[in-house]
Each structure stands twice: as C-alpha cells, then as structure tokens.
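Protein chains in written order, with my numbering: chain A, 100 to 347; chain B, 100 to 347.
2 protein chains.
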Amino acid sequence: MSVSTLVTAERDAEAGTLHQRILNDIEGKIVSGEWPVGHRIPFEVDLAREYGCSRMTVNKVLTQLARAGLIERVKKSGSFVSQPHTQSAVLEISDIRKEVESLKLPYAFNASRVVRRKAQGADRLLLDVSVGTPILDITCVHLAGGRPFCLEQRLINLDGVEGADRADFTKVAPGQWLLSQVPWSSAEHRIHAASADADTAEQLGIDKGTACLVVERRTWSAGNAVTQVRLTYPGDRHALVATFTPSS
Amino acid sequence: MSVSTLVTAERDAEAGTLHQRILNDIEGKIVSGEWPVGHRIPFEVDLAREYGCSRMTVNKVLTQLARAGLIERVKKSGSFVSQPHTQSAVLEISDIRKEVESLKLPYAFNASRVVRRKAQGADRLLLDVSVGTPILDITCVHLAGGRPFCLEQRLINLDGVEGADRADFTKVAPGQWLLSQVPWSSAEHRIHAASADADTAEQLGIDKGTACLVVERRTWSAGNAVTQVRLTYPGDRHALVATFTPSS
DNA sequence: TCCTAAAAGATGTATAGACATAATAGGGCC
DNA sequence: GGCCCTATTATGTCTATACATCTTTTAGGA
C-alpha cells in the first residue's frame with residue numbers, strides 16, 4: 100500500500116533503532132485501540148524509564164507523533180491520543196505517462212500549442228496572472244494503446260517559467276517537462292465530474308454527454324502562478340486512488 | 100489554504116524558535132530555486148556554525164525536511180535537494196454534514212438499514228470479510244436545503260465494530276458515528292465518474308445518465324475491515340479539493 | 001471569602017559530547 | 001593494474017543536563 104511521503108513508515112522494524120521501536124510501540128497501542136481517543140499517555144519521564152532511555156529520545160518520538168496528528172500535547176497536563184478530526188488522504192497524482200505504462204499499454208501523445216497574452220475577462224481556463232502576461236496555451240491528447248486516454252488543457256505562465264517558449268513538446272509532454280523545470284511548488288486540485296461537451300467528446304473519441312472525471316490543478320512556485328491544467332478522463336475507465344495511513 | 104495535518108507549517112514565523120527560523124530559511128532557499136534540485140546543501144557542522152547553534156539543532160531540522168521529502172540525506176556525501184518525485188496532494192475528506200453546513204445550507208438525512216450476512220460472490224459493494232460475517236447495510240440520502248446532496252451506500256462489519264447493531268442512525272449519520280467509535284484507521288479511496296443509473300437518479304432527484312462524482316472508501320482498523328462506503332454526488336455541483344504544500 | 005502570588009509539574013528547546021554507521025578516498029601490497 | 005584494508009568524513013542516534021514556558025494547584029494575605 101502506498102504511503103505518504105511526508106512521513107517515514109518502517110512499521111516492520113521489530114528491532115531497528117530505539118527511536119523506531121518506541122514509535123512503533125506507541126503507535127501500535129493507539130491504532131489498536133488499547134489507548135483510546137482521549138487517553139493520556141504516560142509522561143515523558145515514565146516512558147523514558149520504561150524504555151530505559153533518556154527523555155530526549157522519548158521527546159523526539161512524541162514530537163513526531165504529534166506532527167503526524169496521532170497525539171496532542173498539552174503543557175502541564177500531558178499528551179493525549181487525538182481524534183482523527185478529519186478524514187484526510189494522500190492522493191498520488193502520478194505522471195500520465197507512468198499511469199499508462201503501469202497499465203502495460205504503449206504511451207503516446209500529441210500536443211498543439213499557441214502563445215498568446217492573458218486577456219481580460221473569462222477564459223477557458225483562468226491562470227492567476229495579470230492581464231497582458233504572455234501565456235502558452237497547450238492542448239494535448241494522451242493516448243494509451245492508440246486510444247485517447249486523457250485530454251490535457253494547459254496554460255503556462257511564460258513570465259514564470261524559464262525556457263517554456265522554446266521547449267519542444269513533441270518528445271516530452273508538458274507536464275513532465277514542467278516537473279523537471281520548476282523547483283518546488285504548491286498546488287491546488289479540484290476534482291469533479293462532468294458530462295463531455297461536443298469538443299471534448301470528439302477529442303477523446305467518446306459520445307457527447309459521457310461522464311468524465313475532471314482534475315484541475317493550479318500550481319504556484321515561490322508565490323507565482325506557474326501553470327494551470329485540466330485533465331479530462333473519459334467515462335468510468337479511470338479512477339484516482341488515494342490512501343491514508345496514520346503512520347509516522 | 101488548508102494544509103496537511105501531517106506536518107506543521109508556521110511559515111510566518113520570522114522570529115519564533117531557532118528551529119523554526121532555520122527550517123523556514125532552508126525551505127525558502129529550496130522552494131525559491133536558490134538551491135536547485137540536486138544541490139548539495141551545506142554540511143551540518145557548517146550550518147551549525149552559520150546559525151550559531153549546535154549540530155543537534157541543525158540535525159533535527161534536516162531530519163524534518165528529509166521526512167517531508169524536500170531533501171535526501173546520504174551518509175558521507177551530504178544532504179541534497181530532492182526532486183518532487185511524485186505530485187502528491189492531501190485530500191481533506193470532511194464529514195458530509197460539515198460540507199453542507201459550510202455551504203450555509205440546512206442539513207438533513209434519512210437512512211434505511213438492513214442486517215444480513217456476507218454472501219458468496221458479487222455484491223453491490225464488496226466488504227473485505229469472510230462469508231457469513233454479519234453485515235449492516237445502510238443506504239442514506241444526505242440533503243442540503245431539502246435537495247438531495249449525496250447518496251451514501253455503506254456496509255459495516257458488525258464483527259469489527261462494537262455496538263453498530265444497536266446504534267441509532269436517525270440522529271447521527273453512520274459516517275459520523277463510526278468516526279467517533281473506531282479508534283484509528285487506514286483507508287483507501289477510489290474516485291471516479293459515473294453516469295447515474297435509474298435507481299441512483301431517482302434517489303438523488305436527477306436525470307438518468309447525469310455525470311456523478313463517486314467516492315468509494317474502504318476502511319480498516321488494526322488490520323480488520325471496518326466499513327466500505329460509496330458516496331455519489333450528483334452532477335457537477337460538487338467538487339473535491341486537494342492541496343499540496345511542501346511545508347514542513 | 002476572595003484575589004493574588006508563588007510553587008509545582010509537565011512539555012519545549014537547545015547544548016555538548018559520545019559512539020555508531022556507512023561510504024568514500026587513499027595507500028600499500030601482490 | 002587491481003585489490004583489500006584503513007583512515008577519514010558526514011550523517012545517525014543517544015545521553016545527560018540545563019533552562020524556558022505554560023498551566024494548574026496551592027498557599028498566603030487583605
């Protein structure tokens with residue numbers, strides 16, 4: 100099962116380091132219900148004595164568990180098992196090429212591009228840049244085994260991404276290219292269902308009105324809009340999978 | 100912007116603790132691109148000297164950054180800015196009641212229930228338990244402002260959840276009740292689009308064939324299947340939002 | 001009695017030092 | 001030249017200690 104990259108798991112470790120042993124032990128007591136929600140776990144000094152180690156070691160473990168959201172720490176009172184307040188899950192949005200290849204189908208794509216400037220008012224997609232900013236507008240159909248797999252409509256902020264206007268998107272898909280160019284970024288995803296309109300249906304080779312899964316992603320790097328993309332997956336042929344493990 | 104609960108942010112802190120200051124500083128250099136992917140960041144001892152602190156403090160910061168996936172640490176060689184290998188995002192799947200209330204609409208629901216035993220072969224939903232296990236089968240329509248908002252089809256493992264057979268699901272929706280009963284759990288979500296069949300369309304008061312967003316969630320606690328639920332949201336009226344911030 | 005001040009009890013943060021571990025670089029030997 | 005052994009170097013883990021901080025409880029005084 101895929102696990103969040105934000106936290107290291109290694110739940111197997113029956114031995115491993117002392118740190119891991121304590122962590123697994125405590126996590127086990129929480130997820131098994133032995134220590135129910137609201138239960139006050141032993142004080143740091145007591146845990147330190149129990150495991151025969153210093154308080155610092157226990158402290159680091161508890162800090163990690165607190166960061167992972169399994170416990171809440173209150174000064175003077177102690178540490179308490181917290182309620183999983185919100186059902187959150189980690190969605191792994193992999194590269195479309197990888198997605199297709201994991202289905203053991205040959206991958207291909209064809210892209211068309213237009214350079215224009217950000218216009219006033221409504222747009223097909225709304226990139227969060229000021230009016231007049233040069234924008235690269237890309238439409239790309241990803242193919243799996245020769246059949247349309249996904250329609251990608253993308254805007255790239257040419258002021259924000261070095262070399263995007265000269266990039267060759269016949270060999271490398273824009274999404275993949277951007278991933279290697281833009282350092283680190285934050286992103287917002289919006290996932291919904293929509294019926295295919297005439298244009299979309301034609302490009303994906305499906306009937307008009309077919310239910311499609313639409314993923315829209317807006318990406319920023321260092322506060323600047325980088326790109327916005329809408330991925331339309333035809334029908335119920337495709338599903339996103341997200342997993343959640345309390346792990347820490 | 101909603102942020103992962105797995106990691107604490109506090110990026111504001113221009114002062115704060117020394118730990119936070121160092122963390123923000125280094126993270127800033129990475130996300131801004133000043134330290135590009137693959138760049139070797141200064142050694143712990145050098146950073147310690149630079150910030151005028153001990154190596155342990157720097158070590159804890161770097162450990163945190165490594166856990167968050169921003170850097171990779173290699174013994175002898177040093178620490179390197181890592182490539183955001185996979186576009187992952189944190190999906191906050193909130194309680195349906197909260198979802199509705201955040202739209203400032205009055206919330207209501209009506210549920211019907213059947214107790215039966217796990218049968219062999221295909222089922223509408225497939226709960227991962229052995230044949231013969233008692234199962235609670237619930238169908239629930241969630242209403243927002245009197246209109247159908249979401250159709251919930253749920254199976255609960257009665258052997259795995261204490262008191263579910265006696266629970267009163269007229270006041271508290273099953274999802275909410277389970278969240279408070281089951282200690283900690285792992286979950287797998289499957290998100291796809293589907294056209295409403297006749298039955299679904301009728302219960303949601305929409306036309307047959309309308310595109311729907313379907314979220315299926317399977318939940319385990321301590322290795323045992325707890326529940327499986329399918330949430331069907333009508334049309335393009337509803338969207339899931341997921342965010343990703345490198346933060347740490 | 002009630003308000004305030006001090007003490008106690010828990011976590012939070014930081015330090016300096018020690019030893020472990022892993023990978024690399026260099027040197028000596030065949 | 002090729003190979004192994006060792007020294008070096010950087011991270012990994014842990015300890016013992018110190019002081020800060022926050023909150024509750026207790027004690028004292030008007």
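Note that the Cβ used here is the ideal one computed from N, Cα and C, for glycine as well.
Nothing here was measured: the structure is a model prediction, and the numbers come from that model.
Open item on the list: Counting only C-beta atoms, is residue 343 (chain A) closer than 8 Å to chain B at any point?
Closed with: For the purposes of this step, residue 343 (chain A) is identified with residue 244 of the first sequence, where counting begins at 1. By this cut-off, residue 343 (chain A) is an interface position.
Task: Residues in the stretch 237-270 of chain B having any Cβ partner in chain A nearer than 9 Å - done: none
TODO: Under 8 Å Cβ to Cβ from residue 269 (chain A), same chain only, skipping five residues before and after it: list those, please.
DONE: Within the first sequence, the letter at position 170 stands for residue 269 (chain A). The answer, listed in chain order, is 210.
Open item on the list: Once the 5 residues before and after residue 275 (chain A) are set aside, which same chain residues still bring their CB inside 7 Å of it?
Closed with: Position 176 of the first sequence, counted from the first residue, corresponds to residue 275 (chain A). Same-chain partners within the cutoff: 194, 196.
Task: Spatial distance of residue 128 (chain B) from residue 121 (chain B) (CA atoms) - done: Position 29 of the second sequence, counted from the start, is the residue given in the question as residue 128 (chain B). Position 22 of the second sequence, counted from the start, is the residue given in the question as residue 121 (chain B). Distance between the alpha carbons of residue 128 (chain B) and residue 121 (chain B): 11 Å.
Task: Classification of residue 113 (chain A) by the beta-carbon crowding that lies within 10 angstroms, buried from 16 upward - done: Position 14 of the first sequence, counted from the start, is the residue given in the question as residue 113 (chain A). Because residue 113 (chain A) carries a pLDDT of 45, less than 50, the predicted location of this residue cannot be relied on, and the following value inherits that uncertainty. Exposed, since its Cβ has fewer than 16 Cβ neighbours within 10 Å.
Task: Where residue 311 (chain A) meets chain B, residues with beta-carbon distance less than 8 Å - done: Position 212 of the first sequence, counted from the first residue, corresponds to residue 311 (chain A). Going along chain B in sequence order, the residues near residue 311 (chain A) (Cβ under 8 Å) are 292, 310.
- [ ] Could you confirm whether any beta carbon from chain B is found closer than 8 Å to the beta carbon of residue 178 (chain A)?
- [x] Taking the first residue of the first sequence as position 1, residue 178 (chain A) is located at position 79. For residue 178 (chain A), the answer is no, since every Cβ of chain B falls outside 8 Å of its Cβ.
Task: Members of the stretch 272-296 of chain B that neighbour chain A once the beta carbon cut-off is set at 9 Å - done: 274, 278, 279, 281, 282, 283, 284, 285, 286, 287, 288, 289, 290, 291, 292, 293, 294, 295
Task: Inter-stretch contact at 8 Å, needing at least 3 Cβ pairs: the stretch 313-329 of chain A / the stretch 244-254 of chain A - done: yes
- [ ] Report the three-state DSSP secondary structure of residue 276 (chain B) (helix, strand or coil).
- [x] For the purposes of this step, residue 276 (chain B) is taken as residue 177 along the second sequence, with counting starting at 1. If DSSP states are grouped into helix, strand and coil, residue 276 (chain B) belongs with the helices.
- [ ] Name the two residues that bound the continuous alpha helix (DSSP H) containing residue 196 (chain B).
- [x] Translated into the one-based positions of the second sequence, residue 196 (chain B) becomes position 97. Residue 196 (chain B) -> alpha helix (DSSP H) spans 195-201.
Open item on the list: I'd like to check one pair, residue 267 (chain B) with residue 257 (chain B): are the Cβ atoms closer than 8 Å?
Closed with: In the second sequence, the residue the question calls residue 257 (chain B) occupies position 158. In the second sequence, the residue the question calls residue 267 (chain B) occupies position 168. Not in contact: residue 257 (chain B) and residue 267 (chain B) (Cβ atoms no closer than 8 Å).
Task: Interface partners of residue 135 (chain B) on chain A, CB under 8 Å - done: Your numbering for residue 135 (chain B) matches position 36 in the second sequence. What residue 135 (chain B) touches in chain A: 282.
- [ ] Give me the Cα-Cα distance between residue 307 (chain A) and residue 225 (chain A), rounded to the nearest whole angstrom.
- [x] The residue you call residue 307 (chain A) lines up with position 208 of the first sequence. The residue you call residue 225 (chain A) lines up with position 126 of the first sequence. Going by the C-alpha atoms only, they are around 24 Å apart.
- [ ] Spell out whether any CB of chain A is found under 8 Å from the CB atom of residue 298 (chain B).
- [x] Translated into positions along the second sequence, residue 298 (chain B) becomes position 199. By this cut-off, residue 298 (chain B) is not an interface position.
Open item on the list: Just to confirm before moving on: does the CB-CB distance between residue 133 (chain A) and residue 161 (chain A) stay below 8 Å?
Closed with: Residue numbering aside, residue 133 (chain A) sits at position 34 when the first sequence is read from its first letter. Residue numbering aside, residue 161 (chain A) sits at position 62 when the first sequence is read from its first letter. Their beta carbons are not under 8 Å apart, which means residue 133 (chain A) does not touch residue 161 (chain A) by this criterion.
Open item on the list: Please state the DSSP three-state secondary structure of residue 118 (chain B).
Closed with: What you label residue 118 (chain B) is simply residue 19 of the second sequence in a count that begins at 1. Residue state, collapsed to three classes: helix.
TODO: Tell me, please, which residues DSSP counts as bridged to residue 208 (chain A).
DONE: Taking the first sequence and counting its residues from 1, one reaches residue 208 (chain A) at position 109. Partner(s): A:241.
- [ ] With DSSP as the reference, please indicate the residues paired to residue 218 (chain A) in a beta bridge.
- [x] The count along the first sequence starts at 1 and reaches residue 218 (chain A) at position 119. Paired residue(s): none; residue 218 (chain A) is not in a bridge.
Open item on the list: I need the boundaries of the beta strand (DSSP E) containing residue 326 (chain A), first residue and last residue.
Closed with: As a position in the first sequence, residue 326 (chain A) is number 227, starting the count at 1. First-last of the beta strand (DSSP E) with residue 326 (chain A): 323-332.
Open item on the list: Can you check whether the C-beta of residue 302 (chain B) is within less than 8 Å of a C-beta belonging to chain A?
Closed with: For the purposes of this step, residue 302 (chain B) is taken as residue 203 along the second sequence, with counting starting at 1. Taking Cβ atoms only, chain A never reaches closer than 8 Å to residue 302 (chain B), which makes this a no.
TODO: Would you mind sorting residue 282 (chain B) into buried or exposed? The rule is 16 or more other CB atoms within 10 Å of its CB.
DONE: Within the second sequence, the letter at position 183 stands for residue 282 (chain B). So residue 282 (chain B) ends up on the buried side.
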